[in-house]
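**Student:** For this note's numbering, add 47 to where a residue sits in the sequence shown, where the first one is 1.
By construction, the Cβ of each residue, glycine as well, lies at the ideal position given by its N, Cα and C atoms.
The structure displayed is predicted, hence computed values, not measured ones.
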Amino acid sequence: MNNGKPNWWSRPSNTPEAARISTPPPAEDGDGDFPLPAPRPPAAPDQAAPAESRPAGDLTETAPAPAFEVSEPRPLTAEPLTAEPPASAPETAPAVELTKPVPVAEAAPVAPAPETPAAAPVPLHAPDEYRTPPYGEPGPWAPAPPVQRPPVPVPPQQQGTVPPTPAHPHPQPHAHPQQHPQGPVPPQGGSPWTQYDPWGAGDPGFAFEPAPAKKSRKGLAVAGALVFALVTGVIGGGIGAYVERNGGLTTVELPQAEAGDTDRAPESVAGIAASALPGVVTLHVRGSGSSGTGTGFVLDTKGHILTNNHVVDGASSSEDISVTFSSGETARAKLVGKDTGYDLAVVQVTGVSGLKPLPLGNSDNVRVGDPVVAIGAPFDLSNTVTSGIISAKERPITAGGEKGDGSDISYVDALQTDAPINPGNSGGPLLDSKARVIGINSAIRAAGGGSGEGEGAASQPGSIGLGFAIPINQGKRVAEELINTGKATHPVIGVSLDMQFNGDGARVGEKGKDGSASVTAGGPAAKAGLRPGDVITKVDGQRVHNGEELIVKIRAHRPGDKLELTLTRDGKELTKTLTLGSSQGT
Numbered sequence: 048m049n050n051g052k053p054n055w056w057s058r059p060s061n062t063p064e065a066a067r068i069s070t071p072p073p074a075e076d077g078d079g080d081f082p083l084p085a086p087r088p089p090a091a092p093d094q095a096a097p098a099e100s101r102p103a104g105d106l107t108e109t110a111p112a113p114a115f116e117v118s119e120p121r122p123l124t125a126e127p128l129t130a131e132p133p134a135s136a137p138e139t140a141p142a143v144e145l146t147k148p149v150p151v152a153e154a155a156p157v158a159p160a161p162e163t164p165a166a167a168p169v170p171l172h173a174p175d176e177y178r179t180p181p182y183g184e185p186g187p188w189a190p191a192p193p194v195q196r197p198p199v200p201v202p203p204q205q206q207g208t209v210p211p212t213p214a215h216p217h218p219q220p221h222a223h224p225q226q227h228p229q230g231p232v233p234p235q236g237g238s239p240w241t242q243y244d245p246w247g248a249g250d251p252g253f254a255f256e257p258a259p260a261k262k263s264r265k266g267l268a269v270a271g272a273l274v275f276a277l278v279t280g281v282i283g284g285g286i287g288a289y290v291e292r293n294g295g296l297t298t299v300e301l302p303q304a305e306a307g308d309t310d311r312a313p314e315s316v317a318g319i320a321a322s323a324l325p326g327v328v329t330l331h332v333r334g335s336g337s338s339g340t341g342t343g344f345v346l347d348t349k350g351h352i353l354t355n356n357h358v359v360d361g362a363s364s365s366e367d368i369s370v371t372f373s374s375g376e377t378a379r380a381k382l383v384g385k386d387t388g389y390d391l392a393v394v395q396v397t398g399v400s401g402l403k404p405l406p407l408g409n410s411d412n413v414r415v416g417d418p419v420v421a422i423g424a425p426f427d428l429s430n431t432v433t434s435g436i437i438s439a440k441e442r443p444i445t446a447g448g449e450k451g452d453g454s455d456i457s458y459v460d461a462l463q464t465d466a467p468i469n470p471g472n473s474g475g476p477l478l479d480s481k482a483r484v485i486g487i488n489s490a491i492r493a494a495g496g497g498s499g500e501g502e503g504a505a506s507q508p509g510s511i512g513l514g515f516a517i518p519i520n521q522g523k524r525v526a527e528e529l530i531n532t533g534k535a536t537h538p539v540i541g542v543s544l545d546m547q548f549n550g551d552g553a554r555v556g557e558k559g560k561d562g563s564a565s566v567t568a569g570g571p572a573a574k575a576g577l578r579p580g581d582v583i584t585k586v587d588g589q590r591v592h593n594g595e596e597l598i599v600k601i602r603a604h605r606p607g608d609k610l611e612l613t614l615t616r617d618g619k620e621l622t623k624t625l626t627l628g629s630s631q632g633t
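(1) Shorter than 7 Å from the beta carbon of G448 to some beta carbon of chain C?
(2) Do the segment 419-432 and the segment 378-394 touch if we need at least three Cβ pairs shorter than 8 Å?
(3) Helix or strand or just coil, what does DSSP make of A110?
(4) Whole angstroms are fine: how far does the CA of P538 sit from the CA of V525?
(5) Which parts of the segment 560-596 are runs of the beta strand (DSSP E), unbroken and 3 residues or longer, counting only runs that do not cross its ends?
(6) Within 10 angstroms of its Cβ, does G514 collect 16 or more other Cβ (buried), or is it exposed?
(7) Can you give me the Cβ contacts of A516 inside the same chain, cut-off strictly under 7 Å, excluding the 5 residues immediately before and after it?
(8) For the alpha helix (DSSP H) containing S322, name the first residue and the last one.
(9) Compare the beta carbon distance of I352 and G361 with 7 Å and say whether it is the shorter of the two.
(10) Quick check: the Cα distance between N355 and T624, rounded to an integer number of angstroms?
(11) Output the distance between the C-alpha atoms of Q303 and R311, rounded to the nearest integer angstrom.
(12) Would you list the one or two residues that DSSP bridges to L627?
(13) How many Å lie between G283 and G318 at the Cα?
(14) Does the distance from the CB of V683 to the CB of I368 come in under 7 Å?
(15) Taking DSSP's pairing of strands, which residues face N488 in a bridge?
(16) Could you check whether G594 and L544 sit closer than 7 Å to each other, using their CB atoms as the reference points?
(17) Using 8 Å as the threshold, is the segment 392-411 in touch with the segment 370-383, meaning 3 or more CB pairs across them?
(18) Taking 7 Å as the cut-off, decide whether the C-beta atoms of E527 and A535 are in contact.
(19) Below 7 Å between beta carbons: does that hold for T584 and G552?
(20) Between A320 and V420, which are expected to be in contact by the criterion C-beta below 8 Å, what is the C-beta distance as a whole number of angstroms?
(21) Taking its Cβ as the centre, do 16 or more other Cβ atoms sit within 10 Å of Q521, making it buried, or is it exposed?
(22) Tell me whether P313 is buried or exposed, calling it buried when 16 or more other Cβ atoms sit within 10 Å of its Cβ.
(23) Express the C-alpha separation of K600 and T622 in angstroms, rounding to a whole number.
(24) Taking the alpha-carbon positions, what's the N549 to L614 distance?
(25) Please state whether DSSP places K52 in a helix, a strand or coil.
(26) Suppose contacts are defined by Cβ-Cβ distances below 7 Å. Is P418 in contact with I436 by that definition?
(27) On the criterion of 16 or more Cβ atoms from any shown chain inside 10 Å, does A306 qualify as buried, or is it exposed?
(28) Quick check on T532: does DSSP put it in helix, strand or coil?
(29) Where do the ends of the beta strand (DSSP E) carrying F372 lie?
(30) Leaving out five residues before and five after L402 in sequence, what residues of the same chain have Cβ atoms less than 7 Å from its Cβ?
(31) CA-CA distance, S438 and I491?
(32) For a test of the three-state rule: what should DSSP assign to P538, helix, strand or coil?
(33) What does DSSP give as the partner residues of Q521 in its beta bridges?
(34) What is the DSSP secondary structure of G499, reduced to helix, strand or coil?
(35) Using three-state DSSP, classify L428 as helix, strand or coil.
(36) Which stretch, first to last residue, makes up the alpha helix (DSSP H) that contains F548?
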């Protein structure tokens, strides 16, 4: 662009001569045309024929093109479509690339070209003083580029058409000026339409209003999506915060299994517990400035209840013993009898109906590994049920001994179980798989290394899986004696043992208590031929390692039972048979 005027550049034409282009007359004020550089000297007359002698449509160049600034071509955005050439043109003009939008100077309307060019074109004005070829005569320009529009037929010149210009070789219909890309063309002079260039933006002769920018639908969609995401995010965050703080918008109803059959197999732990709990009681004892809790179970419908001696030992009268059943009913109980050596006692309640005695099993039929269930009130938590197995049998244990004289020591040939037993379980039943009582829970082994045997031991921290129960066969005999006579008998062999002996076995002492004979005259041992200093190593073929174990093995039998004792004397092993005697317990 030079001073807002269009510059054109040409390609070499394939035709012998360049096309003839009409030149509009210069404007009176000098602004309607653009200045051109001085042309080169014209060619010799014999090199070009006069314009009048050339046939119509002959566009052969007559002189070399003057030097002009050549600008680079700019491709059009629309698909290029070549317009049809005039009917009179002998050849099709080559397409020329359009480089830049060029404004066209305002000019007076030009009459339409005749349909058939029969005569030579008439100059529109006097020759330019710089010998610039006038419009319609040979000049340095090549044919204008074709308009980038679909070819349409050329109608007769009418009101509203655009005359041919360098940018429009043929008249084009313009029936709808309001649809022009740059807006409607205002009328000039007496004609509603004037010569214009559709790409001539910036020409002062036309006042095109810029078309309103169309909003991109894609941009609107993206903006809408962002707004929607923001709104939903805020709403979702608010709902989430509300749900987190208040636990939901509605009342929460969790799925749950329907009510079904609550019965359990009789041999299951639940079945055993359901069958035995009505016959288990919790005992609360007060006396001598102290109180304690233990467990017991019903023996018969007369209200006799079996428990441990150390549970009720502190009671001074019947008013100090209270019994609570599993149903919550409470009654006072009186002490029927107790025995320190067996650590067993019997109490009785009256005026209570609906008592359910527990069936008694046979502890001799128990085998190691049998399943068992323990019921009691550990740490005063009544009706507690635990389960385990029989860990061992005939485990000799001693309990008590707080008095120091040995009168309160209990000797038990116990059943060992890993069912959890804690303080408060004492006196409760140990049940087999048929809910039969096979033992009375009495002691536990403390983890601190103390004996921990007996409910009163201060070193008992709780269960470590070492619990001990008095076999029910022994408990049954003692309970029957306590109910019938108030006292229990103990089987004896009639010897005094040396409890300080460190060898293997139980040694008969040289002297008895208070200096008396160690072998009671006329007693079972004397009749069997035992002598002081004999070391008893077996009872009925079972090894004994000390005096306590020998007492436990003897206490596991009834008075009158026959025992076979194996002993050593002067390095020789001897076997003796004796019948157990009886002594009154305390």
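**Tutor:** The structure says:
(1) Included in the structure is just one protein chain, with no chain C present.
(2) no
(3) Interpretation of A110 is limited by its pLDDT of 43, a score under 50 that renders its predicted location unreliable; no figure is taken from the coordinates.
(4) 12 Å
(5) 582-586
(6) buried
(7) A461, L462, T464, L477, G486, I487, N488, S489
(8) 316-323
(9) no
(10) 33 Å
(11) 20 Å
(12) For L627, which the question treats as bridged, DSSP gives no partner whatsoever.
(13) 53 Å
(14) Any property of residue 683 remains undetermined from this structure, which presents the chain solely from 48 to 633.
(15) A516
(16) yes
(17) yes
(18) no
(19) yes
(20) 7 Å
(21) buried
(22) exposed
(23) 17 Å
(24) 16 Å
(25) Note that K52 scores a pLDDT of 43, beneath 50, so its modelled location is shaky and nothing firm can be said.
(26) yes
(27) exposed
(28) helix
(29) 368-372
(30) V345, T348, G350
(31) 13 Å
(32) strand
(33) In DSSP, Q521 forms no bridge with anything.
(34) Because G499 sits at a pLDDT of 47, beneath the cut-off of 50, its placement in the model cannot be relied upon, and the point is left open.
(35) coil
(36) Taken as a continuous stretch (DSSP letters only), F548 belongs to no alpha helix (DSSP H), as it is neither H nor E.
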